[in-house]
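Below is one structure, written out as structure tokens, with a few remarks after it.
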Amino acid sequence: MPEDLHWIDLKTGGYLDWFARKINTWQKAHGRHDLPWQQNISAYRVWLSEIMLQQTQVETVKPYFLRFLEKYPKISNLARASTDDVLALWTGLGYYNRARNLHKTSIIIHKDYQGAFPSCLHRLTELPGIGRSTAGAILALSMGKRGVILDGNVKRVLSRFHFIEGYLEERATTDELWRHADRHTPAIETNVYAQGIMDLGATICTRSAPACSECPLIDRCGAHLRNVATQIPRRKPKRKKPVKDSLFFIICNEDNEVIVEKREESGVWAGLWSPPERCKDYSLGKILGELNLHEDTVLHKTTERPIKHSFTHFQIQATPIYVRVRSTDCSRQGARFRWINSDMIKKEKVDIGMSALALKLINDGPLG
DNA sequence: TAGGCGTGGGT
DNA sequence: TACCCAAGCCT
582 MPEDLHWIDL KTGGYLDWFA RKINTWQKAH GRHDLPWQQN ISAYRVWLSE
632 IMLQQTQVET VKPYFLRFLE KYPKISNLAR ASTDDVLALW TGLGYYNRAR
682 NLHKTSIIIH KDYQGAFPSC LHRLTELPGI GRSTAGAILA LSMGKRGVIL
732 DGNVKRVLSR FHFIEGYLEE RATTDELWRH ADRHTPAIET NVYAQGIMDL
782 GATICTRSAP ACSECPLIDR CGAHLRNVAT QIPRRKPKRK KPVKDSLFFI
832 ICNEDNEVIV EKREESGVWA GLWSPPERCK DYSLGKILGE LNLHEDTVLH
882 KTTERPIKHS FTHFQIQATP IYVRVRSTDC SRQGARFRWI NSDMIKKEKV
932 DIGMSALALK LINDGPLG
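If you count the first sequence from 1, you need to add 581 to reach our numbering.
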């Protein structure tokens, strides 16, 4: 039988182009099949994993995914939780709006959809935190429907294969990539294809040092044929990040409790708890005043070396100021400030939403 | 529409 | 050290 006849599934009339056929054959033999979200597949689990995996590496996500499912095994459990509890489970994972949107969507699914995810692209992308690519992944990976994905892996594979030289940041490039992604995505075995093109990007068609000799697409890969795989995709040169100088006051009493402050609802770490961050010329006296603590309660103060903490768009130079104060019951403990036992400030245990830097400042400090 | 939004791993 | 960027979405 000529090889090309395999393009057509005689039972369904489904069609796989050369690209999809290569991807699917490779996936079945060499793709990943043992990721946590590939077991007991459901829309809830796939959705949760896709949200966590946005801009986040697989190995980072795994423990968060398992912890999350343990606490919220069903979407109804999540819908009934408080946003603060959800943020607590997200502590250290970053991009905390994902957690807020996750919670919002769980409530919508629970209330408007009787707990079942909608199965069309339009309804899925209406949900908070679900864009075109995540919706495609949910359709393909959990519902056996055709769904087109275009994440970082797929962008890399497609831009190399089709030798797309435009900057990834440009609209025309993204549009072109979506067209290719749509064109290649088959209507049958879409789940295999979706997982396959992502796995190929993650394990073979990597950013640096791609293993082209092991790639099933090698014969027709535009970038490889020109010997420029690592130069594609191209990105616009980036500006230098501005640096913001901040003080963080880690104030601890004799009972090993630390003061944390609820951050603004906008900006970085919106709505999370953190040791008070202030501008670089703020004084200890002022922060003690805010907390209703007298300066004569201070037992010890030490200023440590600044810590650099880098974001996508700027950098914080965080100078930690560690202060030990006498335990007192007249310090402020309202909506904005709380004393937290420092034993509770571990990623696995913390029961409020905190940033990774906040945990680091408290745990690595001299106050122990 | 370009920029805001985290963190950790790789080079 | 410094830079790049990873299963993107929202405004």
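Every residue gets a Cβ at the ideal spot worked out from N, C-alpha and C, and that includes glycine.
Where are the beta strand (DSSP E) runs, 3 residues long or more, that stay fully inside the region 819 to 901, in chain order? 824 to 833, 838 to 843, 858 to 860, 879 to 884 and 888 to 891
Compute the Euclidean distance between the alpha carbons of Arg788 and Val735, then round it to the nearest angstrom. 12 Å
Inter-stretch contact (C-beta, 8 Å, three-pair minimum) for the region 887 to 899 and the region 616 to 633: no
In angstroms with no decimal places, state the Cα-to-Cα distance between Gly803 and Cys796. 13 Å
I'd like to confirm the pairing. Which residues does DSSP put opposite Ile921 in its beta bridges? Val839
Ile842 to Ala680, Cα distance in whole Å? Reading off the sequence, residue 842 comes out as Glu, not Ile. Going from the Cα of Glu842 to the Cα of Ala680 covers about 20 Å.
Apply the 10 Å Cβ neighbour rule to Ala753 and answer buried if 16 or more other Cβ atoms are within range, or exposed otherwise. exposed
Residue range of the alpha helix (DSSP H) that Gln695 falls in? Premise fails: Gln695 is in no alpha helix (DSSP H) and is neither H nor E.
Measure the CB-CB distance between Ala939 and Leu853 and report whether it falls below 9 Å. yes
For Thr637, collect the residues of the same chain with a Cβ closer than 8 Å to its Cβ; drop the 5 residues on either side in sequence, then sort them by chain order. Leu674, Gly675 and Tyr676
Taking the alpha carbon of Pro818 as the reference point, which residue from Arg661, Thr784, Ile689 and Glu751 has its own alpha carbon closest? Glu751
Beta-carbon spacing of Phe829, Pro791 below 9 Å: no
Let's see if you can read the secondary structure: which residues bound the alpha helix (DSSP H) around Glu640? Val639 to Lys652
Fully enclosed by the region 704 to 749, which beta strand (DSSP E) runs are 3 residues long or longer? none
Secondary structure of Val575, DSSP reduced to three states: In the structure as shown, the chain begins at 582 and stops at 949. Residue 575 is therefore absent and cannot be evaluated.
Verify whether the separation of the beta carbon atoms of Leu731 and Leu758 is less than 9 Å. yes
Kindly list the residues whose CB is nearer than 7 Å to the CB of Glu835, restricted to its own chain and excluding five residues on each side of it in sequence; keep chain order. Arg907 and Ser908
Is it buried or exposed for Leu629, if we count other Cβ within 10 angstroms and need 16 for buried? buried
For Tyr676, which of helix, strand or coil comes out of DSSP? coil
According to the Cβ coordinates, are Thr883 and Leu869 closer than 9 Å? no
Verify whether the separation of the beta carbon atoms of Arg626 and Ser723 is less than 9 Å. yes
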